[in-house]
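Heads up: the structure comes next, in structure tokens.
Numbering (the numbering used here), first residue to last: 280 to 551.
Structure follows, in structure tokens:
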């Protein structure tokens, strides 16, 4: 009887209960990269070491001197026997005092420089500095609106040509001499010296009647030991260099004024 009941039960007629299915993580795409084996001995590539730091850049030695300020350049080595001073502007007037200091309260050379246009006619002069140490002082005596770009170098200094030395002539104290130049002359050499006496002179660049484009008032305590040499820019036509010996008649000087550079392509005769 019991066996009939068990046989008739539908639950007992089912198969064994299956085990619950395990949950797996969601499928993820997998990529495999195959590295290329390159032998060091058989590589066709060439390489090199690249520096991570740039090469040092040479600083510009030009210094901006504001109106009313003073800048100095000192040379302690006795081997520096002359320096070149270059002054320029951005087209504005240039008005400066240049002094050479040699020891305390000793100024063997000084000059006053005025240029109408410091960009068109930059000032360039050579100052003798024997028996160092020496200091070159540049003072901008112009207004604050007129800064000056100043540069003082002791290497590759300009020197007067043989023609300039040979063309030197005597100018007595209180006398003057003029030197006119053609429009083809771009710049002029000026050399002033004495026989050992003090040198007092005024150098003027004129373009037209009484039209001073550049003026240099110069003093040197010994014109033989410290001669003065400069290169004046003379663009345009009608340029005249006037040299005045402002010393008394007992102090003559010799002056050499010759062309420095010549522009054969110069065809304009307009006054600049």
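Just so you know, even glycine gets a beta-carbon here, dropped at the ideal spot from N, CA and C.
Residue i - containing beta strand (DSSP E), residue span
i	result
residue 429	427 to 432
residue 378	373 to 380
residue 459	455 to 459
residue 535	532 to 541
residue 449	448 to 450
residue 435	Counting along the chain, residue 435 falls outside any beta strand (DSSP E), and DSSP gives it neither H nor E.
residue 493	491 to 499
residue 486	478 to 486
residue 465	464 to 472
residue 512	507 to 512
residue 519	518 to 524
residue 353	349 to 354
residue 361	361 to 367
residue 399	No beta strand (DSSP E) holds residue 399; DSSP gives it neither H nor E.
residue 410	Element bounds for residue 410: n/a, residue is neither H nor E.
Span of the alpha helix (DSSP H), counted from its first residue to its last, around residue i
i	result
residue 445	441 to 445
From the options, residue whose alpha carbon lies closest to that of residue i
i	options	result
residue 465	382, 540, 340	540
residue 391	502, 479, 520, 516	479
residue 454	360, 378, 462, 529	529
residue 475	489, 509, 461, 503	503
residue 452	513, 527, 434, 380	527
residue 355	513, 382, 341, 500	382
residue 471	461, 342, 447, 422	447
residue 380	519, 473, 499	499
Same chain, Cβ closer than 8 angstroms to residue i, five either side skipped, listed in chain order
i	result
residue 544	none
residue 348	418, 419
residue 439	468, 470, 508, 535
residue 514	399, 400, 465, 551
residue 437	363, 403, 405, 508, 510
residue 387	379, 381, 499, 500, 501, 505
residue 460	467, 513, 518, 519, 520, 538
residue 333	For residue 333, the predicted model reports a pLDDT of 42, less than 50, meaning its position is unreliable and no value from the coordinates is stated.
Own chain partners of residue i with C-beta closer than 7 angstroms, once the 5 adjacent residues on each side are dropped
i	result
residue 398	367, 368, 369, 370
residue 496	390, 391, 481
Residues near residue i by beta carbon distance below 6 angstroms, same chain, minus five either side
i	result
residue 456	450, 522
residue 324	Summary for residue 324: the model assigns pLDDT 46, below 50, so the residue's position carries little reliability; its value from the coordinates is reported in the next sentence. There are no such residues.
residue 374	393, 420, 421
Heavy atom of the ligand ATP within 6 angstroms of residue i beta-carbon
i	result
residue 445	In terms of ligand content, the structure shown is empty, and the ligand ATP therefore cannot be addressed.
Test: residue i CB closer than 7 angstroms to a CB of chain B
i	result
residue 465	Absent here is chain B; the protein component of the structure consists of one chain.
**Asked** Quick check: the stretch 425 to 432 against the stretch 469 to 484, are there 3 or more CB pairs under 8 angstroms?
**Response** No, the stretch 425 to 432 is not in contact with the stretch 469 to 484.
**Request:** Could you tell me whether the stretch 411 to 422 touches the stretch 357 to 364, using the rule of 3 or more Cβ pairs below 8 angstroms?
**Result:** Flag = yes, the stretch 411 to 422 and the stretch 357 to 364 touch.
**Request:** Say whether the stretch 344 to 362 touches the stretch 399 to 407, bearing in mind that this needs 3 or more beta-carbon pairs closer than 8 angstroms, one atom from each stretch.
**Result:** Taking a contact to require three or more Cβ pairs closer than 8 angstroms, the stretch 344 to 362 and the stretch 399 to 407 qualify as touching.
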